[in-house]
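I have placed the structure first, in the form of structure tokens, so that the comments after it can refer back to it.
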């Protein structure tokens, strides 16, 4: 069984230029909750001054639908965010840093070491409140400022996060430049240094069209947790028109037809994405979604 | 060294709804001829009654630029097409059939066996004129009418084409539904039955986002010839908005950064695609092209 973590409602919608109403977000989350995901990242408790698109985090969180087998997570950038998330009843939260020092400093205005120091009490507080913690390591292969990121840098930050009690670290190809040989090389380095597959998730971007090839090489190495975004929501804000997050539809299509069950119903997922796309008034980048929307399917294949 | 066969000028432009002038086609071909391809399929000598977009085949062919190491091919549906292609000086032509009987009959109005019978004298005539012959087998994994295509059907038609003197058969995932496990299974069957890697090319479509994953599994099996289309030109006419041919930019990006040299200069290729996109007045589906167009690159990566 492959575990998919749907990040569209948070990672995708926070990049929308035009504001999306809480009502539309709630409808999207309800539709996704019916699709069969193991985990959905619903929102982020970041300061509204940083990301005004997510100022409605409490309002949205109050209206989540419980589903058996489905865990909702919320991104928390700091202790204040954690407290808001816990107050909303989240049992799983996520923290984020980077493998690139330059990216960490430009993106979060602090060093990786400083982030890790802040995580320590935050993870402790979360766990005392009965919540588990997921971690994101962005720029795990390339940094837009520093270029190629070496595997040992990824290992160090990942190891440090796991040592703090974070139970799963998601490695992000934030700029979407990684190719399978590089994915293989970094993942093999992590395994060689004692990290275990269930401790790691892969978060690929499809900016160069390589996301599913990177998934394939990860599958071949035995990894089984992947992040994805409904419709491919979340184009990188630095590159208008460019594709960002790996589209959930493309991932589910490939995995299911390769014989890796995901639990996700492609048709329900696609309906959720198409309804949101109608609200956003634009086409989403998922290839499979466009194919399904065009009604182009064989008898055997949806 | 990986051999790339650029099919955009023929396979891509023949699907454009609005007519493209011979002048634009010639400019596109000239730009592509500078990019470093081993082979470019320039046009098709099909009857203008079938494909009016290609009625200018002679006019375009007269203006091709010779380049050392570059071979131009032309698609020929029949003896009349072959004679037109030879009169234009082509030293390599391509013929096409399908692995699916239903597709063959709907697409070319004849059975696979009838196509093979027609190929025999055509290949003979081409070779006597000093031209080599490439073959296309479409619907090698799925047929929009018949569903899943079994590997033995692919083997049979491919073997028959090779036996006629065709030197390379390109297997097409025409509807873009194949996933890597299926690609592996069919290719392994062909190898197990004595076909050799240099006799085969892979022609993937990115309709479900799986094209580069399918390339990866083919590379892992030792295959080294891939068809691609500049910008991803050639969306399937049955599915407006859906992506068709694997984009050359995406393929070149992945291969080069995995350490597989292609000879193709990504920047020149992208410039050719962007100039054509400007003439067509629309964005092309290549992920990498969109990224390059947005000027979004790291210092280390174009």
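Protein chains in written order, with the working numbering: chain A, 4 to 305; chain B, 4 to 305. Here a beta-carbon is modelled for each residue, glycine too, at the ideal position from N, C-alpha and C.
In this structure, A/227 is the residue among A/227, A/34, A/187 with its C-alpha nearest to the C-alpha of residue 204 of chain A.
Here the C-alpha atom of residue 235 of chain A lies approximately 46 Å from the C-alpha atom of residue 82 of chain B. Look at residue 281 of chain A: its C-beta is not under 7 Å from any C-beta on chain B. For the set A/103, A/32, A/232, A/260, the Cα lying nearest the Cα of residue 145 of chain B is the one of A/260.
A buried status is given to residue 210 of chain A, since no fewer than 16 other beta-carbon atoms sit within 10 Å of its beta-carbon. Scanning chain A for C-beta atoms nearer than 7 Å to the C-beta of residue 260 of chain B yields 182, reported in chain order. Contact between residue 5 of chain B and residue 263 of chain B holds, with the beta-carbon distance rounding to 5 Å and staying under 8 Å. Under the Cβ criterion of 7 Å, residue 107 of chain A is not counted among the residues facing chain B. Note that the C-beta distance between residue 212 of chain B and residue 215 of chain A is below 7 Å.
Contact check between the segment 149–165 of chain A and the segment 84–102 of chain A: three or more CB pairs, one atom from each, fall below 8 Å, which counts as touching. Secondary structure at residue 18 of chain B: helix, using DSSP grouped into helix, strand and coil.
As DSSP reads the structure, residue 47 of chain B sits in a beta bridge with B/78.
By the 16-neighbour rule on beta-carbons within 10 angstroms, residue 68 of chain B is exposed. DSSP, read as helix, strand or coil, puts residue 250 of chain A in strand. The segment 49–65 of chain B and the segment 102–121 of chain B do not touch, with fewer than 3 CB-CB distances between them shorter than 8 Å.
Beta-bridge annotation (DSSP): residue 101 of chain B is paired with B/141. Non-local beta-carbon contacts of residue 185 of chain A in its own chain, meaning distances under 7 Å to residues more than five positions away in sequence, involve 144 in chain order. Of the residues assessed, residue 153 of chain A falls on the exposed side of the cut-off, its CB having fewer than 16 other CB atoms within 10 angstroms.
Looking at the backbone, the Cα of residue 24 of chain A and that of residue 98 of chain A are separated by about 25 Å. Here DSSP, grouped into helix, strand and coil, assigns residue 232 of chain A to strand.
Cα atoms of residue 12 of chain A and residue 27 of chain A: separation of roughly 10 Å, rounded to the nearest angstrom.
Within chain B, the residues placing a beta-carbon under 7 Å from that of residue 290 of chain A are 209, 210, 211, 212, 246, ordered along the chain. Just so you know, the alpha carbons of residue 39 of chain B and residue 55 of chain B end up roughly 29 Å apart.
Listed along chain B, the residues sitting closer than 8 Å to residue 257 of chain A by beta-carbon distance are 182, 183, 211, 212, 213, 216. It is roughly 58 Å from the alpha-carbon of residue 165 of chain B to the alpha-carbon of residue 136 of chain A. In summary, residue 196 of chain A is exposed, with fewer than 16 beta-carbon neighbours lying within 10 Å of its beta-carbon over all protein chains present.
Neighbours of residue 198 of chain B across chain A, judged by C-beta separation under 9 Å, do not exist; the nearest C-beta is about 24 Å away.
Around the beta-carbon of residue 34 of chain B, 16 or more other beta-carbon atoms lie within 10 Å, marking it buried. Proximity of chain B to residue 220 of chain A at the Cβ level (cut-off 8 Å) is accounted for by 219, in chain order.
Around the Cβ of residue 84 of chain A, a 10 Å sphere holds 16 or more other Cβ atoms; the residue is buried. Check the Cα spacing between residue 277 of chain B and each of B/131, B/292, B/269: the tightest is with B/292.
If one requires a minimum length of 3 residues, no beta strand (DSSP E) run lies completely within the segment 261–287 of chain A. Residue 48 of chain B and residue 132 of chain B have their C-alpha atoms roughly 17 Å apart. No Cβ-Cβ contact shorter than 7 Å links residue 175 of chain A with residue 221 of chain A. The beta carbon of residue 89 of chain B is closer than 6 Å to those of 132 in its chain, skipping five residues each way along the sequence.
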